[in-house]
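Spelled out as structure tokens, the structure:
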């Protein structure tokens, strides 16, 4: 934490403010999202496949539309795009408190995703421009700030879940309402630096950048695998423990790993490895994180009970949830290794005037992979129950991480990556 504090002080005040904004964004996000899958299954009685489709729709509408958010940030400025995105998420999260029909759920999750499609690439582009040659460190700190919010979010959500799920949704919406207001008042404007070309010309340049497209394919596994914190890992924790609130333990474990190790891991990797090596190692860790669950998933029976939500029940369930917690820790470590280098490299494939566009396009492609991956994993999970093959979805996830790591190695041998200063 001292290392993170020193790194934050080395950045400009505007960059520090963007880190604070990321904390608020993740506070509201993780207050609600970790409990959404359980709400859809236990309260609305949806199948795992449908749950995967609903959650995948958020990923698709968020990362799937970030190209538009990134291009808007390049052309009209990052600040207004960030503010509008936070306002939309206020509306989307509030809707989860009231809707119970499938069309209503899809509408709420789509609005929530569109909001992220606006503020996420805009905030990253703003930070990339503002941090200059400290971009890698800034992206690592962005991850730390987000995880700090993710530490408090599940804790608050777990407390509110003991009341009712609508209380969780309303509180999450209130966080984003406050965040929207605060950014209108405090966040300074930054003059845009458009490329001087039309949007379609910018997009054509991006879509014909073969090296960038291959980079997207090779690194999308980071997002597919990390999104399991919202789908298979919470469902497995609830299944083996019989306690819905154990979901909070997973997010606390993930957050503590990031807060304690992110800056040290990034600094060490930057000193000892090429960026592509760090990405490959991170992807390998992400994939291998799910390997133990392929074994324990077959050995651990589904817990009986009424899904008690008390603190004592959570503590008593920890031995049963230990394999899921271990998988979460290794997965988070893999993301900590890979993600800062992925975000640092992505805009390096294009010119500085298209930073938001490249970051948005990368997130769009990764989001599409995440949506397809979540839906596929959800239906494979349903199929594994029918076939009595509980190891099947975990084996699929292991294969995804290892295949992406191999592809990174192939692209590195072919010198398909832009050079980056390792200082």
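Residue numbers (our numbering): 153 to 575. We treat Cβ as the ideally placed atom computed from N, Cα and C, and that holds for glycine. Given the structure is predicted, the values throughout are model-derived calculations rather than measurements.
Inset, instruction - Could you tell me the distance, in whole angstroms, from the CA atom of residue 379 to the CA atom of residue 526? - result: In a straight line, the C-alpha of residue 379 is about 8 Å away from that of residue 526.
Discussion item. Within the continuous alpha helix (DSSP H) that includes residue 198, where are the two ends?
Written reply: In this chain, residue 198 is not harboured by any alpha helix (DSSP H), its DSSP state being neither H nor E.
request  = Give a yes or no on whether the C-beta atoms belonging to residue 307 and residue 185 are separated by under 9 Å.
outcome  = Cβ distance not < 9 Å, so residue 307 and residue 185 don't count as in contact.
Range of the contiguous alpha helix (DSSP H) that encloses residue 567:
The continuous stretches of alpha helix (DSSP H) do not include residue 567, and DSSP gives it neither H nor E.
Could you compute how far the alpha carbon of residue 291 sits from the alpha carbon of residue 345?
Straight-line Cα distance between these residues: approximately 21 Å.
Could you tell me the distance, in whole angstroms, from the CA atom of residue 212 to the CA atom of residue 538?
Approximately 28 Å between the Cα atoms of the pair.
**Request:** For residue 577, collect the residues of the same chain with a Cβ closer than 6 Å to its Cβ; drop the 5 residues on either side in sequence, then sort them by chain order.
**Result:** Nothing can be reported for residue 577, as the shown portion of the chain is limited to 153 through 575.
| said: Going by DSSP in three states, residue 316 sits in which element: helix, strand or coil? | reply: Residue state, collapsed to three classes: coil.
Can you give the Cα-Cα distance for residue 516 and residue 250, rounded to whole angstroms? For residue 516 and residue 250, the distance between alpha carbons rounds to 29 Å.
TODO: Determine the DSSP secondary structure at residue 341, reduced to helix, strand or coil.
DONE: In this structure, residue 341 counts as coil in the three-state DSSP scheme.
inquiry  = Looking only at its chain, what residues have a beta carbon closer than 6 Å to the beta carbon of residue 328, apart from the 5 residues adjacent to it on each side?
reply    = Excluding positions up to five away in sequence, the list reads 180, 238, 241 and 242.
- Item | Where residue 252 falls: helix, strand or coil (DSSP) | Secondary structure of residue 252 (DSSP, three-state): coil.
Check your understanding: How should residue 503 be labelled, buried or exposed, when 16 other C-beta atoms within 10 angstroms of its C-beta is the threshold for buried?
Key -> By the 10 Å Cβ count, residue 503 comes out exposed.
Practice task
Grab the span of the alpha helix (DSSP H) containing residue 350 for me, first residue to last.
Solution key: In the DSSP annotation of this structure, residue 350 is not part of any alpha helix (DSSP H), being labelled neither H nor E.
Can you confirm whether the segment 544 to 564 touches the segment 361 to 374 when touching is taken to mean that 3 or more C-beta pairs between the two stretches lie within less than 8 Å? Judged by Cβ distances under 8 Å, the segment 361 to 374 makes contact with the segment 544 to 564, as three or more pairs qualify.
*Expressed to the nearest angstrom, what Euclidean distance is found between the alpha-carbon atoms of residue 163 and residue 289?*
Taking the straight line joining both Cα atoms gives about 9 Å.
Take residue 397 as the anchor and find which of 478, 531, 409 and 320 has the nearest alpha-carbon.
Nearest option by C-alpha distance: 320.
* Asked: Near residue 276, what residues of its chain come up, given a Cβ to Cβ distance below 6 Å and the 5 sequence neighbours on each side ignored?
  -> Only 511 meet the Cβ criterion.
Query raised in the report: From residue 353 to residue 505, what distance separates their C-alpha atoms?
Result: Between residue 353 and residue 505, the C-alpha separation is close to 13 Å.
Does the separation of the CB atoms of residue 552 and residue 376 fall below 9 Å?
Taking 9 Å as the Cβ cut-off, residue 552 and residue 376 qualify as a contacting pair.
To the nearest angstrom, how far is the alpha carbon of residue 99 from that of residue 549?
What the structure shows of the chain is the stretch from 153 to 575, and residue 99 is not part of that stretch, so it cannot be assessed.
Q) Taking Cβ positions, are residue 222 and residue 273 nearer each other than 9 Å? A) A contact, by the Cβ cut-off of 9 Å.
Self-check item: residue 199 and residue 534 closer than 9 Å at C-beta
Solution: Contact: yes.
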